[in-house]
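Participant: Below is the structure I would like to discuss, written out as structure tokens.
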Amino acid sequence: MKKLAVNKEACIGCGICCAKDPAHFDFEDDGLSSVISQDNIDCDEVKDAMDSCPTGAIHYEEDSDQEEHHCDNCENKDCCNK
Ligand code: SF4
Numbered sequence: 015m016k017k018l019a020v021n022k023e024a025c026i027g028c029g030i031c032c033a034k035d036p037a038h039f040d041f042e043d044d045g046l047s048s049v050i051s052q053d054n055i056d057c058d059e060v061k062d063a064m065d066s067c068p069t070g071a072i073h074y075e076e077d078s079d080q081e082e083h084h085c086d087n088c089e090n091k092d093c094c095n096k
């Protein structure tokens, strides 16, 4: 199942997503946006926030809670899940 995510390395904290869709995005203490809800993530508000993000930081990703796979070299890091 996919989930909604913000790439913290790309986010510049402009706040557009929080203004467009406060049901899904809010600022964290680091001044960057994060996803606060995974409900109804295909709605128009999420897509509008995604389209409006100046750095393309908002995206969908596969939910890694499902079936985590680690190779022998992972040592519990997530190299296999990228
Ligand atoms: S719109 Fe994009 S860059 Fe701006 S706060 Fe949201 S995720 Fe960060």
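In terms of this note's numbering, the sequence shown opens at residue 15 and continues consecutively. Even glycine gets a Cβ: it sits at the ideal position worked out from N, Cα and C.
Terminal residues of the continuous beta strand (DSSP E) containing Ser48?
Facilitator: 47 to 49
Participant: I need the DSSP call for Glu42, collapsed to helix, strand or coil.
Facilitator: coil
Participant: Mind checking whether the beta-carbon of Ser51 lies closer than 6 Å to any heavy atom of the ligand SF4?
Facilitator: no
Participant: Should Phe39 and Cys31 be called a contact, given that it needs their Cβ atoms to be closer than 7 Å?
Facilitator: yes
Participant: Which whole-angstrom value is the C-beta distance of Asp77 and Lys17, which I expect to be below 8 Å?
Facilitator: 5 Å
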